[in-house]
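For the record, the sequence lines run as chains R and Z. Each number in the numbering used here comes from the position in the first sequence (counting from 1) with 258 added on. Each number in the numbering used here comes from the position in the second sequence (counting from 1) with 258 added on.
Protein chains: 2
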Amino acid sequence: MALIKKPVTGMKDILPREMQIREYVTDLVVKTYSSFGFVRIETPAVEHIENLLSKQGGENEKLIFRILKRGEKLSLTPDTKEEDLADSGLRYDLTLPLSRYFACHAQELPMPFKALQIGPVWRADRPQKGRFRQFVQCDIDILGEKENIAEIELITATTTLLGKLGFRDFTVRINDRRILKAMASYCGFDEADYDRVFIILDKMDKIGRDGVREELLDSGFSQDCADKYMELFAQDLSDVSGIRALAEKLQDHLPEGCAEGLIEIVESVEKVKNAAFGVVFDPTLVRGMSYYTGTNFEITMNEFGSSVAGGGRYDDMIGRFTGNSVCACGFSIGFERIITILMEREQDGLYGAPEKYAYLIEKGADAAFVADVMKQAQAARSEGKTVLVSMMNKNRKYQKEQLEKEGYILDNIKEFYHSEFKR
Amino acid sequence: MALIKKPVTGMKDILPREMQIREYVTDLVVKTYSSFGFVRIETPAVEHIENLLSKQGGENEKLIFRILKRGEKLSLTPDTKEEDLADSGLRYDLTLPLSRYFACHAQELPMPFKALQIGPVWRADRPQKGRFRQFVQCDIDILGEKENIAEIELITATTTLLGKLGFRDFTVRINDRRILKAMASYCGFDEADYDRVFIILDKMDKIGRDGVREELLDSGFSQDCADKYMELFAQDLSDVSGIRALAEKLQDHLPEGCAEGLIEIVESVEKVKNAAFGVVFDPTLVRGMSYYTGTNFEITMNEFGSSVAGGGRYDDMIGRFTGNSVCACGFSIGFERIITILMEREQDGLYGAPEKYAYLIEKGADAAFVADVMKQAQAARSEGKTVLVSMMNKNRKYQKEQLEKEGYILDNIKEFYHSEFKR
Numbered sequence: 259m260a261l262i263k264k265p266v267t268g269m270k271d272i273l274p275r276e277m278q279i280r281e282y283v284t285d286l287v288v289k290t291y292s293s294f295g296f297v298r299i300e301t302p303a304v305e306h307i308e309n310l311l312s313k314q315g316g317e318n319e320k321l322i323f324r325i326l327k328r329g330e331k332l333s334l335t336p337d338t339k340e341e342d343l344a345d346s347g348l349r350y351d352l353t354l355p356l357s358r359y360f361a362c363h364a365q366e367l368p369m370p371f372k373a374l375q376i377g378p379v380w381r382a383d384r385p386q387k388g389r390f391r392q393f394v395q396c397d398i399d400i401l402g403e404k405e406n407i408a409e410i411e412l413i414t415a416t417t418t419l420l421g422k423l424g425f426r427d428f429t430v431r432i433n434d435r436r437i438l439k440a441m442a443s444y445c446g447f448d449e450a451d452y453d454r455v456f457i458i459l460d461k462m463d464k465i466g467r468d469g470v471r472e473e474l475l476d477s478g479f480s481q482d483c484a485d486k487y488m489e490l491f492a493q494d495l496s497d498v499s500g501i502r503a504l505a506e507k508l509q510d511h512l513p514e515g516c517a518e519g520l521i522e523i524v525e526s527v528e529k530v531k532n533a534a535f536g537v538v539f540d541p542t543l544v545r546g547m548s549y550y551t552g553t554n555f556e557i558t559m560n561e562f563g564s565s566v567a568g569g570g571r572y573d574d575m576i577g578r579f580t581g582n583s584v585c586a587c588g589f590s591i592g593f594e595r596i597i598t599i600l601m602e603r604e605q606d607g608l609y610g611a612p613e614k615y616a617y618l619i620e621k622g623a624d625a626a627f628v629a630d631v632m633k634q635a636q637a638a639r640s641e642g643k644t645v646l647v648s649m650m651n652k653n654r655k656y657q658k659e660q661l662e663k664e665g666y667i668l669d670n671i672k673e674f675y676h677s678e679f680k681r
Numbered sequence: 259m260a261l262i263k264k265p266v267t268g269m270k271d272i273l274p275r276e277m278q279i280r281e282y283v284t285d286l287v288v289k290t291y292s293s294f295g296f297v298r299i300e301t302p303a304v305e306h307i308e309n310l311l312s313k314q315g316g317e318n319e320k321l322i323f324r325i326l327k328r329g330e331k332l333s334l335t336p337d338t339k340e341e342d343l344a345d346s347g348l349r350y351d352l353t354l355p356l357s358r359y360f361a362c363h364a365q366e367l368p369m370p371f372k373a374l375q376i377g378p379v380w381r382a383d384r385p386q387k388g389r390f391r392q393f394v395q396c397d398i399d400i401l402g403e404k405e406n407i408a409e410i411e412l413i414t415a416t417t418t419l420l421g422k423l424g425f426r427d428f429t430v431r432i433n434d435r436r437i438l439k440a441m442a443s444y445c446g447f448d449e450a451d452y453d454r455v456f457i458i459l460d461k462m463d464k465i466g467r468d469g470v471r472e473e474l475l476d477s478g479f480s481q482d483c484a485d486k487y488m489e490l491f492a493q494d495l496s497d498v499s500g501i502r503a504l505a506e507k508l509q510d511h512l513p514e515g516c517a518e519g520l521i522e523i524v525e526s527v528e529k530v531k532n533a534a535f536g537v538v539f540d541p542t543l544v545r546g547m548s549y550y551t552g553t554n555f556e557i558t559m560n561e562f563g564s565s566v567a568g569g570g571r572y573d574d575m576i577g578r579f580t581g582n583s584v585c586a587c588g589f590s591i592g593f594e595r596i597i598t599i600l601m602e603r604e605q606d607g608l609y610g611a612p613e614k615y616a617y618l619i620e621k622g623a624d625a626a627f628v629a630d631v632m633k634q635a636q637a638a639r640s641e642g643k644t645v646l647v648s649m650m651n652k653n654r655k656y657q658k659e660q661l662e663k664e665g666y667i668l669d670n671i672k673e674f675y676h677s678e679f680k681r
């Protein structure tokens with residue numbers, strides 16, 4: 259019986275051209291983040307099912323690829339339930355494994371610890387265009403630093419990287435979960451309803467203030483609360499004076515130092531930056547993950563609908579492993595999104611090797627002749643050139659066309675004829 | 259309830275120092291193999307269970323991590339059997355996925371296709387020291403090239419890489435599955451018994467000729483066969499004249515061109531090589547995988563017991579997907595083994611970045627001062643330096659000791675005191 263040629267549903271094979279771009283981006287990521295003192299680490303693809311299902315992952319927990327128990331541990335009886343079948347699963351993000359990693363190895367790591375992770379994660383999402391069930395995430399995290407130098411470094415490193423990737427005119431949006439909560443508290447919402455309220459607020463950029471107000475009312479919230487809430491957004495709050503004005507209104511609802519910290523971050527990023535981008539306060543920014551405890555940030559570009567990076571502070575997750583909380587702050591670029599954008603740019607030359615040669619050898623040439631050609635190729639390679647050695651196909655013209663597609667220019671395709679030497 | 263800190267059984271977290279060596283090796287692999295015209299590709303970690311269980315993987319098929327079906331597809335009734343539970347699994351090698359990949363995408367790929375793969379595979383092996391359930395494989399394969407230029411290129415590329423990694427005095431051992439079969443046929447073994455015979459022959463380097471002879475007899479093979487078999491190994495066959503002598507004895511049992519091809523490979527590799535190593539014919543070399551159809555090769559080093567690379571020709575596997583057979587030949591380095599060897603060498607400096615600076619800022623410095631230091635750091639980074647910016651810990655001495663462990667030399671750790679400027 260013939261085997262199955264296509265990859266499994268929702269996952270993809272990576273063809274050489276895309277791979278070249280992925281390698282280019284990965285190299286740039288590693289070089290840039292390393293220059294900020296981030297060090298690369300890796301965790302296994304497989305995690306304990308108990309950790310994966312510990313409510314750190316929100317909706318992602320529904321999308322876990324679970325791995326069957328093995329050997330005697332898998333006993334199938336009429337009473338067996340679904341949850342008895344799996345003891346592990348594929349990681350759905352890099353944040354939970356990082357927290358486990360740090361909890362396990364803190365003794366061997368510098369403090370604060372600046373980690374860089376680049377690796378695949380898996381989510382059994384409904385397959386759709388441009389969205390795959392295996393995809394690469396790329397995260398930087400600073401663990402054990404409670405000062406806002408962590409946020410400033412993360413934002414500076416990420417914007418430096420985006421600049422090097424050729425992105426311009428992007429915007430860093432910053433908010434703080436504690437401001438979100440203070441606004442909701444100021445307006446009289448019940449704490450139990452905050453998450454529902456934030457999900458509606460998050461739609462502000464799409465449906466506007468009136469839309470949000472209407473949806474709040476539709477969801478059964480009081481007119482008083484909704485009106486007071488929308489009143490907060492009546493003026494432009496996007497710069498430092500906006501943060502100050504909002505803080506003055508919210509007063510005791512806001513923890514001490516929260517607004518001041520945010521102002522420092524915005525001002526410092528502006529001062530340190532060496533790429534063209536803006537930094538704004540966005541009090542409607544709601545990052546989906548419930549583990550965030552403080553600042554939140556996101557980078558958007560006008561050209562592209564969704565964000566290209568996102569992150570924030572999550573001071574409680576590592577404590578779930580150790581009992582002692584360790585502060586933590588991370589920023590994740592949308593690796594796959596960036597690859598898609600670069601693929602569309604079609605700047606082939608940018609990612610290729612500079613000097614690629616192909617040596618084609620006449621079919622039927624004897625072994626000594628072939629070895630001679632290969633010896634020449636070895637000499638060229640030791641000078642840093644790329645040399646592909648191949649036998650000539652029957653259809654030489656087609657072979658050359660194919661090679662040109664692979665980036666071998668015609669001048670650099672050399673033919674070696676044994677027969678000429680024989681004559 | 260506290261979460262689980264350790265990685266899942268048999269898998270490991272990679273600490274910064276090991277990661278640095280892994281990145282160094284990966285870089286060198288990519289650069290070296292690229293210079294031979296190999297192009298990097300990737301397949302998903304998850305494969306169809308039907309493909310994984312198609313008998314290409316031998317013993318490895320018993321070690322598959324199987325992935326639970328999801329949603330409605332997973333229906334648990336009292337009749338459910340184990341094989342009903344999984345629709346996919348984690349790949350146990352890179353060769354089967356490559357064959358699927360080529361079968362699926364041949365139209366978009368150059369021909370012959372020279373592929374480089376570096377990626378994790380998973381096997382639920384019994385955990386033991388130095389052996390993990392997730393480990394990286396690193397394969398080069400040439401698909402669609404039936405001439406022995408494929409073998410010569412694979413061996414030259416692999417030995418060039420090992421040379422660059424600092425390995426010396428290794429030995430390339432070559433054999434051919436057709437010679438193995440011809441020897442067994444010449445001695446009168448039944449074709450059905452070949453695999454059993456080869457498993458015993460494979461022990462030659464450990465138990466010697468007498469040991470192999472004894473084990474053959476113990477396994478019920480006839481004295482005639484065993485004697486004739488061991489007689490073949492009475493003389494040294496390890497060089498080209500050995501191949502010739504053996505071929506003369508085996509005569510019609512050996513397919514035409516087989517011995518000549520092997521001689522060409524040995525002579526060409528000798529001629530082309532630019533690293534210090536030997537090439538020998540080893541008629542006792544048996545590579546475990548049953549999918550091999552022709553040449554087999556392995557690289558061993560006296561310092562290390564087991565091999566550091568292995569491969570061979572497998573002309574039938576891709577045909578299992580397409581119905582049309584495509585010839586294929588591959589070589590795989592023992593990535594994890596090489597990492598272990600380099601870790602033991604302790605050449606820390608070799609893999610680090612050349613210029614690493616740490617800027618430590620006094621605790622309590624105001625935001626403007628912190629931003630100033632970060633601006634200086636950004637300027638140094640744009641000159642290619644690595645600059646870690648961090649707040650000073652309470653225990654500054656310990657912090658510096660930690661940084662020294664991370665490769666920051668004391669001269670390059672600078673302290674920035676706000677208070678000095680205040681005064």
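A virtual CB, placed ideally from N, CA and C, is assigned to each residue, including glycine. Quick caveat: nothing in here was measured; it's all calculated off a predicted structure.
* Please state if the CB of residue 596 of chain Z and the CB of residue 276 of chain Z are separated by a distance shorter than 8 Å. => No, Cβ-Cβ distance for residue 276 of chain Z and residue 596 of chain Z is not below 8 Å.
* Asked: With a CB to CB cut of under 8 Å and the five nearest residues on each side skipped, what residues in its chain are close to residue 672 of chain R?
  -> 615, 616, 617 and 618
* Among Z:296, Z:554 and Z:578, which residue has its Cα nearest to the Cα of residue 645 of chain R? -> The candidate whose alpha carbon is nearest that of residue 645 of chain R is Z:296.
* Between residue 306 of chain Z and chain R, is there a C-beta pair that is closer than 8 Å? -> yes
* **Contacts of residue 363 of chain Z in chain R (Cβ-Cβ under 7 Å)** => Going along chain R in sequence order, the residues near residue 363 of chain Z (Cβ under 7 Å) are 271 and 273.
* Asked: So who's on the other strand from residue 397 of chain Z, going by DSSP bridges?
  -> Z:375 and Z:590
* With distances taken Cα to Cα, identify the nearest neighbour of residue 564 of chain R among R:577, R:592, R:274 and R:585. => R:592
* To do: Could you pull the start and end residues of the alpha helix (DSSP H) that residue 360 of chain Z belongs to?
  => 353-363
* Of all Cβ atoms in chain Z, is any one closer than 8 Å to the Cβ of residue 554 of chain R? -> no
* What are the boundary residues of the alpha helix (DSSP H) that includes residue 413 of chain Z? -> 407-422
* Under the assumption that residue 526 of chain R contacts residue 623 of chain Z (Cβ atoms under 8 Å), give the Cβ distance between them as a whole number of angstroms. => No, residue 526 of chain R and residue 623 of chain Z are not in contact; Cβ-Cβ is about 12 Å, not under 8 Å.
* Asked: Of all the options R:348, R:635 and R:572, which has the alpha carbon lying nearest to the alpha carbon of residue 434 of chain R?
  -> Closest option to residue 434 of chain R, Cα to Cα, is R:572.
* Measure the alpha-carbon distance for residue 502 of chain Z versus residue 443 of chain Z and round it to whole angstroms. => 18 Å
* When Z:264, Z:452, Z:632 and Z:397 are compared against residue 587 of chain Z, the one with the closest alpha-carbon -> Z:397
* Asked: With which residues is residue 618 of chain R paired in a DSSP beta bridge?
  -> DSSP, once it has assigned bridges, lists R:648 and R:673 as partnering residue 618 of chain R.
* With a 10 Å radius around its C-beta and 16 neighbouring C-beta atoms as the bar for buried, classify residue 374 of chain R as buried or exposed. => buried
* Asked: What does DSSP give as the partner residues of residue 636 of chain R in its beta bridges?
  -> The partner list for residue 636 of chain R (beta bridge, DSSP) is empty, contrary to what the question assumes.
* Could you list which residues in chain Z have their beta carbon closer than 7 Å to that of residue 382 of chain R, in chain order? => Here the neighbours are 328.
* Please confirm if residue 393 of chain R has its CB atom under 8 Å from at least one CB of chain Z. => At a cut-off of 8 Å between beta-carbon atoms, residue 393 of chain R makes no contact with chain Z.
* Please say whether residue 559 of chain R and residue 425 of chain R have beta carbons closer to each other than 8 Å? => yes
* To do: Have a look at residue 627 of chain Z and residue 482 of chain R and give me their C-alpha separation to the nearest angstrom.
  => 44 Å
* Reduced DSSP category for residue 681 of chain Z - H, G, I as helix; E, B as strand; rest coil -> Note that residue 681 of chain Z scores a pLDDT of 42, beneath 50, so its modelled location is shaky; the value from the coordinates is reported in the next line. Note: residue 681 of chain Z maps to coil in three-state DSSP.
* Asked: Within 8 Å (strictly less), CB to CB, does residue 515 of chain R reach chain Z?
  -> no
* Any chance the segment 325-340 of chain Z sits against the segment 349-368 of chain Z, with 3 or more Cβ pairs inside 8 Å? -> Contact fails between the segment 325-340 of chain Z and the segment 349-368 of chain Z, because fewer than three Cβ pairs, one in each stretch, are under 8 Å apart.
* **Min CB distance residue 674 of chain R to chain Z below 8 Å** => For residue 674 of chain R, no CB of chain Z lies under 8 Å from its own CB, so it is not counted at the interface with that chain.
* **CB of residue 557 of chain Z within 8 Å of CB of residue 430 of chain Z, strictly** => yes
* As assigned by DSSP and simplified to three states, the class of residue 344 of chain Z -> strand
* Runs of beta strand (DSSP E) lying entirely within the segment 293-325 of chain R, each at least 3 residues, in chain order -> Runs found: 304-306.
* Examine chain Z for any beta-carbon lying closer than 8 Å to the beta-carbon of residue 547 of chain R, and answer yes or no. => no
* Between which two residues does the alpha helix (DSSP H) harbouring residue 521 of chain R extend? -> 516-530
* **Backbone CA spacing between residue 284 of chain Z and residue 561 of chain R [nearest angstrom]** => 35 Å
* Asked: Is DSSP giving residue 613 of chain Z helix, strand or coil here?
  -> coil
* To do: Please name the residue or residues paired with residue 557 of chain Z in a DSSP beta bridge.
  => Z:430 and Z:567
* Which bits of chain R does residue 359 of chain Z rub up against, with CB to CB less than 7 Å? -> 271
* May I ask you to report which of helix, strand or coil DSSP gives residue 389 of chain Z? => strand
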